[in-house]
Amino acid sequence: MVSKEKIELLKQKIDEADAIVVGGASGMSAASGFVFYYQDDEVYRKLAGGLAKKYDIHNYFDLFYDRRLSRGELWAAMLRATRYVYECYTGETYTDLARLLQGKNYYIATTNQDAQFFRTFPDERITRIQGDNRYWQCSRPCHDEIYYNKEKVFELSDKIVGDALPDELIPRCPHCGKELAPWVRGYTFLEGEYYQREMKRYLDFLRANARRKVLFLELGVGMMTPMFIKEPFMNMTYQFPHAFYATINPQHAIIPKEIVKKSLAIGDDIAITLKQLLGESIAGMKGFNPKEAFTPSRVY
Ligand SMILES: [Zn+2]
18 MVSKEKIELL KQKIDEADAI VVGGASGMSA ASGFVFYYQD DEVYRKLAGG LAKKYDIHNY
78 FDLFYDRRLS RGELWAAMLR ATRYVYECYT GETYTDLARL LQGKNYYIAT TNQDAQFFRT
138 FPDERITRIQ GDNRYWQCSR PCHDEIYYNK EKVFELSDKI VGDALPDELI PRCPHCGKEL
198 APWVRGYTFL EGEYYQREMK RYLDFLRANA RRKVLFLELG VGMMTPMFIK EPFMNMTYQF
258 PHAFYATINP QHAIIPKEIV KKSLAIGDDI AITLKQLLGE SIAGMKGFNP KEAFTPSRVY
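The opening residue of the sequence shown carries number 18 in the numbering used here; numbering runs sequentially from there.
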C-alpha cells in the first residue's frame, strides 16, 4: 500500500494539471492479469498448445522469437495470441485509469500492442509507438498499408491443424506475395504514413502544452524499451518549466537526480495504486510480487 502522502500528492498533481501525458506499458497489462507474454500461466499454455513442451518454452515472447518453430507453427501461435487480444476481458487498470482521467485534458502514448487502451479511451487520444497486434503489414514491407485482421484471425485460427497453420493458408501480401506479419516493432516494422500521423498527433499535444502545467504519468514502463516513454518523459520533465513526472512502477520507479524536485516515484502495484487514487477499497487485492515477475530488462 502506498503512503497517504504520496497518493495525496499525485491526486493534487492530477487535479492541477493543464495536461496529462500518460505513458502506458507492459506493467499496465500485467497488473490486470495479462502476464502470459512473460510468464507460464494458463493463458500461455492455451496459446502455445503442444509447442510449449515440444520446444521447452515457457512464455509467449520466447515462443514468438524462437527460430526453431516452423512458419506454420509460428502462425498458429500468433493467430491464437491475436484472437486472445480480441476475445479477452478489459483490464481493470484500464477502466480505473479511464475513470481517473475523466474530464481531463490527456493524451496516451503506449508501447503495448494488446490494444487494451482502445477498450476504454478514444482512438484519437492514443499513439501506438510499437504497433498493434490487430493489424498486419507486408513483412518486407513492400507498400505502406496496414490491414485490420480480426475477421482473418478468427477464420484462420479455426483452421490450425495440431499446432500449425497449413502452409497454403499463411496470409500473404496482396502486392508482392511475401508473408504478412504482425504490425509490431521488429526489423521491418512499418513506420509509414499511418504511424507518422499518430506520432505527429502526440508531438502536437506535447508542443501545445510544453509551457503549461503538464503531468507526465508513467505506468509500468520496464527496462526493455525505456527509450520510447520513460527516458523522453524524464527529459521533457527536465526541459519543460512547469512539468511534473510521476512513475507508478513496482520494479523500475526510477528518478534521475536532475528532476528529483519535480518527480514522484511510487514503487508499488499499479492496480492497487489506481484504486487508492480513486479513493476505493483495496481489501483483498493481491499486491505485486517481484519474485513471480519476469525481468523486463531482458532484451529480445
Ligand atoms: Zn509486399
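Note that beta-carbon positions come from the ideal geometry of N, C-alpha and C, so glycine has one too.
Bear in mind that the values here come from a model prediction, so they are computed numbers and not experimental data.
Can you name the start and end residues of the beta strand (DSSP E) that residue i belongs to?
i            : result
proline 199  : 197-201
tyrosine 124 : 123-127
lysine 151   : The question names lysine, yet the displayed sequence has arginine at residue 151. Taken as a continuous stretch (DSSP letters only), the beta strand (DSSP E) holding arginine 151 covers 148-155.
arginine 145 : 143-145
tyrosine 204 : Segment: none, tyrosine 204 is in no beta strand (DSSP E) and carries neither H nor E.
valine 231   : 231-236
alanine 263  : 261-265
Between which residues of its own chain and residue i is the CB-CB distance below 8 Å, once the five residues before and five after are set aside?
i              : result
lysine 176     : Leu182, Pro183, Leu186
glutamate 297  : none
lysine 23      : Leu281, Ile283
leucine 26     : Leu281
isoleucine 299 : Met18, Ile289, Lys292, Gln293
lysine 195     : Cys155, Ser156, Arg157, Cys159, Arg189
aspartate 161  : Leu207, Gly209, Glu210, Tyr211
methionine 302 : Asp286, Ala288, Ile289, Lys292
Please go through the same chain and pick out, in chain order, the residues whose beta-carbon is closer than 7 Å to the beta-carbon of residue i, but skip the five residues on each side of it.
i                 : result
leucine 118       : Ile37
asparagine 166    : Thr99, Arg151, Tyr152, Trp153
aspartate 180     : Gly66, Gly67, Leu68, Glu90, Ala93
tyrosine 317      : Its pLDDT being 48, under 50, tyrosine 317 is placed unreliably by the model, and the measurement read from it follows with that caveat. Result list for tyrosine 317: Phe78, Tyr82, in chain order.
arginine 85       : Tyr72
phenylalanine 206 : Gly148
arginine 145      : Thr127, Glu215
proline 273       : Met251
threonine 110     : Met45, Ala48, Ser49, Ile287, Ala288, Leu291
isoleucine 169    : The identity of residue 169 in the sequence shown is lysine, whereas the question assumes isoleucine. Same-chain partners within the cutoff: Pro188.
isoleucine 276    : Met251, Thr254, Tyr255, Tyr262
lysine 28         : Leu294
Spatial neighbours of residue i within its chain, please: CB distance less than 6 Å, with the 5 preceding and 5 following residues excluded, ordered by chain position.
i             : result
threonine 112 : Thr137
proline 313   : In this predicted model, proline 313 has a pLDDT of only 48, less than 50, meaning its place in the structure is not dependable enough to derive any value.
histidine 75  : Asp57
threonine 107 : Arg136
lysine 30     : Leu232, Phe261
For the alpha helix (DSSP H) that residue i lies in, which residues bound it at each end?
i                 : result
arginine 97       : 88-104
glutamate 297     : Note, glutamate 297: premise wrong, no alpha helix (DSSP H); not H, not E.
tyrosine 212      : 210-226
alanine 282       : Run containing alanine 282: none in the alpha helix (DSSP H); it sits in the beta strand (DSSP E), 280-283.
leucine 8         : Given a span of 18 to 317 for the chain in the structure shown, any question on residue 8 remains unanswerable.
glutamate 248     : 247-256
leucine 117       : 109-118
glycine 44        : 43-47
valine 178        : That residue, valine 178, is in no alpha helix (DSSP H); it is neither H nor E in DSSP.
tyrosine 82       : 77-82
phenylalanine 134 : 134-137
arginine 62       : 59-65
glutamate 275     : Segment: none, glutamate 275 is in no alpha helix (DSSP H) and carries neither H nor E.
Does the beta-carbon of residue i, which I'm using as the reference point, lie nearer than 7 Å to any heavy atom of ligand 2?
i          : result
lysine 169 : With respect to small molecules bound, the structure shown includes ligand 1 and not ligand 2.
Can you round the beta-carbon distance between residue i and residue j to whole angstroms, since I take them to be within the 8 Å contact cut?
i                 : j             : result
phenylalanine 261 : threonine 254 : 7 Å
proline 258       : arginine 228  : 6 Å
glycine 237       : serine 43     : 6 Å
leucine 295       : arginine 142  : Their Cβ separation, rounded to whole angstroms, is 20 Å, which puts leucine 295 and arginine 142 out of contact at 8 Å.
phenylalanine 51  : tyrosine 61   : 11 Å between Cβ atoms; not a contact.
Next on the checklist: Pairs of beta-carbons, one from the stretch 32-39 and one from the stretch 116-125, closer than 8 Å: are there three or more?
Outcome noted: As far as the Cβ criterion goes, the stretch 32-39 touches the stretch 116-125, which means the pair count is three or higher.
Next on the checklist: When you compare the stretch 88-101 with the stretch 55-67, are there three or more beta-carbon pairs, one atom per stretch, that lie closer than 8 Å?
Outcome noted: Yes, the stretch 88-101 is in contact with the stretch 55-67.
Next on the checklist: Quick test of the definition: if touching needs 3 or more C-beta pairs under 8 Å, does the stretch 196-206 touch the stretch 217-234?
Outcome noted: Touching, no, given that fewer than three Cβ pairs across the two stretches are closer than 8 Å.
Checklist entry - Does the pairing of the stretch 132-148 with the stretch 101-110 give three or more beta-carbon distances under 8 Å? => result They touch, by the three-pair rule.
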